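Visitor: Here this note's numbering = 1-based position in the first sequence + 3. Quick one: the structure is below, and I'll ask about it shortly.
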Amino acid sequence: MNKEEISQIFEELAMLAELNDESPFKSRAYMNAARIILDLTDDLETLVNENSLTDIEGIGQNIAAKIVELVNTGKLKSYDKLRALVPDGVFQMLKISGLGPKKVKVLWKKYAITNLGDLKMSCERHALKALPGFGIKTEENILAGIESLKKFSGKWLYIEAQRWAEEVLSDVAKIKGVVRVEIAGSIRRKKEVVKDIDIVAAADNSAHIMKAFVSLPYVDRIVQHGKTKSEVILNSGIQCDLRVVSNDEYPFALHHFTGSKEHNVRMRGLAKSKGIKMNEYGLFEGKSKRGIPCKDEADIFKAFGLDYIEPELREDMGEVDAAGEGVLPQLIEGSDLKGILHVHTNYTDGEATIEEMALAAKSRGYEYIAICDHSQNLTVVGGLKPADVRKQHKEIDALNKRIKNFTILKGIEVDILADGSLDYSDKVLSSFDIVIAAVHTRFKMSEEDMTRRIIRAVENPHVDILAHPTGRLLLTREPYLVDMKRVIDAIGNHKKAVEINAHPQRLDLDWRWMRYAKGRGAKFAICPDAHSTDGIDNVINGVNVARKGWLEKGDVLNCSDLKKCPTLFDRLHR
DNA sequence: GCCGTTTTCGGCCCGACTGTTTTCAGTCG
4 MNKEEISQIF EELAMLAELN DESPFKSRAY MNAARIILDL TDDLETLVNE
54 NSLTDIEGIG QNIAAKIVEL VNTGKLKSYD KLRALVPDGV FQMLKISGLG
104 PKKVKVLWKK YAITNLGDLK MSCERHALKA LPGFGIKTEE NILAGIESLK
154 KFSGKWLYIE AQRWAEEVLS DVAKIKGVVR VEIAGSIRRK KEVVKDIDIV
204 AAADNSAHIM KAFVSLPYVD RIVQHGKTKS EVILNSGIQC DLRVVSNDEY
254 PFALHHFTGS KEHNVRMRGL AKSKGIKMNE YGLFEGKSKR GIPCKDEADI
304 FKAFGLDYIE PELREDMGEV DAAGEGVLPQ LIEGSDLKGI LHVHTNYTDG
354 EATIEEMALA AKSRGYEYIA ICDHSQNLTV VGGLKPADVR KQHKEIDALN
404 KRIKNFTILK GIEVDILADG SLDYSDKVLS SFDIVIAAVH TRFKMSEEDM
454 TRRIIRAVEN PHVDILAHPT GRLLLTREPY LVDMKRVIDA IGNHKKAVEI
504 NAHPQRLDLD WRWMRYAKGR GAKFAICPDA HSTDGIDNVI NGVNVARKGW
554 LEKGDVLNCS DLKKCPTLFD RLHR
C-alpha cells in the first residue's frame, strides 16, 4: 500500500469522524496526518521497521498504530468497520461546496439520501426545505454545487489560474479607492495545482469595491457578496475570492490569505507562545485593542524575530524554525539561469530549427542551449537514428562557428529502454556533450521493475541528467510507480542531476522531494522541455517550484556560466 | 487524536458570510 492510498484513508477517517460527531480536533488530527504522510520523503515501511513513526510531529501512538497495520496488512480493521456503514455517495456529497458534515448527515440519516442523483431530485422537488436548517436557498446552492462538481474537477494548473488571477488583479487595481492589491493564496505560493484565486486589497471604503468586483464582465455567478469579503465563479469555472481591508491591516491580511493554512497555524502558535494574538487584522499584545504596527509582511516576521519568509516557502515544512535560526535559503531566481537545457527541434517533434531555438535563447539573454531531441526508440515523433545524430552535430558545429557569444551544446533526450539500458550504443552516446535519460514507454511496470530500470540508467556513465522522473502529467496522468527515494539516492551517489521539467503540466521532479535530493548530493537541471521558441519561457515554472523546494542557484546546473566553467557537465562525471 | 519548561488533563487559530433564524449554526478558508 503506497503513501497516496494510506493518506486517502486518513482523509476518509477525518470525514468519518465528522460524520460521527466526534471531536473536531480528532478529525483535524486525521487530516493533518493525511497531509504529513503525503509529504513524507522517508519510506513508510522503513519508518515502520525502525519504529520511528511517532518521532514525526502530528503522529502519535494511535495514528502510528494505524499506519503500522496498513503497511503490514494492507488493511485497517477499524476503518473498514466504520467505512462499511457509510455509502460512497455520502462522501461525494461532502465534496459539494456549501455542504458540510452536519448537513450531509441530516440528509443521509433523516432523509436516506445517499447519492448525488437522489440529492439533485430532492432539491428540484423542494423536498429539503422542510428540514431544520435547510431552505429554498440551500436547495439552489446544492444544485449549483452539483453542477460545478460535475463540470469541473475543481483543480487548475498554476499557469491557467495565474493568468486569470492577473486579469482580475489588474481590473481590481483600477477600481477607484484601491490603494494596494495583490494576488494571495496558493497562486502566490506558486503551488503547481490550485483550487481558487485569492485577491487581497487595501481600501477605505470596501462596499463599492465589492460591488465593482462582483460586477466584472467575466463573473459567471456570485457565491458570496459581503462588505469585506466576496466570492464569485468566473466564466472559466474557477472560484475567485476578494478580501478588502484597511491599508493598516493590509500586510496582516496579505499574510493571512497567502497561507498556507498550516503555515498560519504555526505562526499563530508562535504568536500565542509570546502572548500575542494574531489574526488577519493585526498582532495584538495581551488584551490590547491596539495592534503592533507593521508596514509590510517583513515587519510581521520581524516582530517575532524571524527573517522574511518567501511566500513559496510557507508550507509549514520547517520554514518558521529556519527563519528563526537565520538559515533560510537564498532562493534561486529566474535571472540566475545562464543556459537552457532540453529543447526539441524540427529534427523530431519540435516546431523550430536548431538555429531558431538558439537565437531565441540568445535573444532572451542566455549563454548556451542544449539541443536534446528524442532518440530512435520514440518512432512516433521520428526519434533520431545514429545517422540523424551525425547530421545534427554537423549542423551544430557550423552554427557554433557562425553565432557569436553563444554556445549550442549537443544533447539528447535518450530513451531508457524497458531493461534500463539506453537507446544508443556507447559510441553514439559518447558523441554528445550532454545526455538526458527519460522513460517514455512501458509505464505500467511494477514499482520494483521501474525503480531498477531507472536506477540502471542513472548508473550509466554516459548519463548526466534524469528527465521528468515520475512521468506525471498534472490533472491528467498519474505518475508511474517508482521508488523516488531509491532513485534520488542513486542520483546523489553517482553525482548526477535530476531534471526539474518545467513544462507546466509536468513540474517533475516534484518540489516536495527537492530538499531530500539536495541533502543526498544530487544536482538539479531546470529544463523547459521546449517544443517551440516560446516554449523556452516555460523555465520560469521550473524556477517557481525550485523555490518551493528551497533550492539556491548553486544547486542548479544551468545556473553555471559556460565561460567560467567550460566543462560544465564534466564535473558530473568526477 | 496530538501534545507537554503549566507534562497525563485540558487545551487545540480565528473570523466572515449565508441562510435560517430571531441570536446562531454551519461552512469555508
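Even for Gly, the Cβ is constructed at its ideal location relative to N, Cα and C. Keep in mind the model is a prediction, meaning the values are calculated, not measured.
Could you say which of Pro296, Glu481, Val184 lies nearest to Ala168 if we only look at CA atoms?
Guide: Of the listed residues, the one whose Cα sits closest to Ala168 is Val184.
Visitor: Counting only runs of 3+ residues fully inside the region 313 to 381, write out the beta strand (DSSP E) ranges in chain order.
Guide: Fully enclosed beta strand (DSSP E) runs of 3 or longer: 342 to 346, 371 to 377.
Visitor: Three Cβ pairs or more, each shorter than 8 Å: is that satisfied between the region 482 to 494 and the region 134 to 145?
Guide: The region 482 to 494 is not in contact with the region 134 to 145.
Visitor: What residue does the alpha helix (DSSP H) around Asp400 start on, and which one ends it?
Guide: Element bounds for Asp400: 389 to 405.
Visitor: Determine the direct distance from the alpha carbon of Gly180 to that of Ala210, and round the result to whole angstroms.
Guide: Their backbone Cα atoms lie some 11 Å apart in a straight line.
Visitor: Output needed for Met35: all residues of its chain with C-beta closer than 6 Å, excluding positions within five of it in sequence on either side, in chain order.
Guide: Note on residue identity: the sequence assigns Asn, not Met, to residue 35. Closer than 6 Å at Cβ, skipping near neighbours: Gly61.
Visitor: Indicate the three-state DSSP secondary structure (helix, strand or coil) for Arg475 in the structure shown.
Guide: It is coil, neither helix nor strand.
Visitor: With 16 other CB atoms within 10 Å as the buried threshold, where does Phe446 fall?
Guide: So Phe446 ends up on the exposed side.
Visitor: Take Ala500 and list the residues in its own chain whose beta-carbon comes closer than 8 Å to its own, dropping the five residues that flank it on each side.
Guide: Correct list, in chain order: Asp467, Ile468, Leu469, Ile494, Ala525, Lys526, Phe527, Ala528, Leu560, Leu575.
Visitor: Going by other Cβ atoms of all chains shown within 10 Å of its Cβ, with 16 needed for buried, is Gly414 buried or exposed?
Guide: Burial call: buried.
Visitor: For Ser338 and Lys521, what's the separation of their Cα atoms in angstroms?
Guide: One C-alpha to the other measures close to 21 Å.
Visitor: Below 8 Å, how does it come out for the region 350 to 369 and the region 298 to 306: are there three or more Cβ pairs, yes or no?
Guide: Contact between the region 350 to 369 and the region 298 to 306 is absent, because fewer than three Cβ pairs lie under 8 Å.
Visitor: Compute the distance between the beta-carbons of Glu15 and Arg86, then report whether it is under 8 Å.
Guide: Yes, the pair counts as a contact, with Cβ atoms nearer than the cut-off.
Visitor: Ordered along the chain, which non-local residues of its own chain (more than five positions away) have a Cβ less than 7 Å from that of Leu237?
Guide: Excluding sequence neighbours, Leu237 sits near Trp167, Tyr221, Val222, Asp223, Cys243.
Visitor: Tell me whether Trp159 sits in a helix, a strand or coil according to DSSP, three-state version.
Guide: Three-state result, Trp159: strand.
Visitor: Looking only at C-alpha atoms, which of Asp174, Gln165, Ile225, Lys232 sits nearest to Asp199?
Guide: If we check each option's Cα against that of Asp199, Gln165 comes out closest.
Visitor: Looking at the strands, I want to know which residues DSSP matches up with Met281.
Guide: In DSSP, Met281 forms a bridge with Leu286.
Visitor: Given a cut-off of 8 Å on the beta-carbon distance, is the pair Ile357 and Glu416 in contact?
Guide: Not a contact, by the Cβ cut-off of 8 Å.
Visitor: Less than 7 Å between the CB of Gly423 and some heavy atom of the ligand HEM, yes or no?
Guide: Looking at this structure, you won't find the ligand HEM or any other ligand, since it has none at all.
Visitor: Taking DSSP's pairing of strands, which residues face Ala441 in a bridge?
Guide: According to DSSP, Ala441 bridges with Asp418.
Visitor: Specify, as a first and last residue, the run of the beta strand (DSSP E) that Asp310 falls within.
Guide: First-last for Asp310: undefined, no H or E at that position.
Visitor: Would you tell me roughly how many angstroms separate the C-alpha atoms of Pro104 and Ser30, rounded to the nearest one?
Guide: Those two C-alpha atoms are separated by around 11 Å.
Visitor: Between which two residues does the beta strand (DSSP E) holding Cys243 run?
Guide: Element bounds for Cys243: 242 to 248.
Visitor: When the Cα atoms are used, what is the spatial distance from His345 to Ile437?
Guide: Whole-angstrom Cα-Cα distance: 9 Å.
Visitor: CB Val107 to CB Met96, shorter than 8 Å?
Guide: It is a contact, given that the beta carbons lie within the stated cut-off.
Visitor: Could you tell me the distance, in whole angstroms, from the CA atom of Ala68 to the CA atom of Asn267?
Guide: Answer to the nearest angstrom: the Cα atoms are 29 Å apart.
Visitor: Select from Ala187, Arg393, Met320 the residue whose C-alpha is nearest the C-alpha of Trp516.
Guide: Ranking Ala187, Arg393, Met320 by Cα distance to Trp516 puts Met320 first.
Visitor: Does DSSP put Gly557 in a helix, a strand or coil?
Guide: Helix.
Visitor: State the Cα-Cα distance for the pair Gln395 and Leu412, rounded to the nearest angstrom.
Guide: Between Gln395 and Leu412, the C-alpha separation is close to 11 Å.
Visitor: Quick check on Ala500: does DSSP put it in helix, strand or coil?
Guide: Three-state DSSP puts Ala500 in a strand.
Visitor: Using C-beta distances below 6 Å, list every residue in its chain close to Asp201, excluding the 5 sequence neighbours before and after it, in chain order.
Guide: If we look at Asp201 and ignore the five residues flanking it on each side, its Cβ neighbours are Ala187, Gly188, Asp244, Phe260.
Visitor: Select from Arg455, Ala505, Arg509, Glu502 the residue whose C-alpha is nearest the C-alpha of Arg480.
Guide: Ranking the options by Cα distance to Arg480, first place goes to Arg509.
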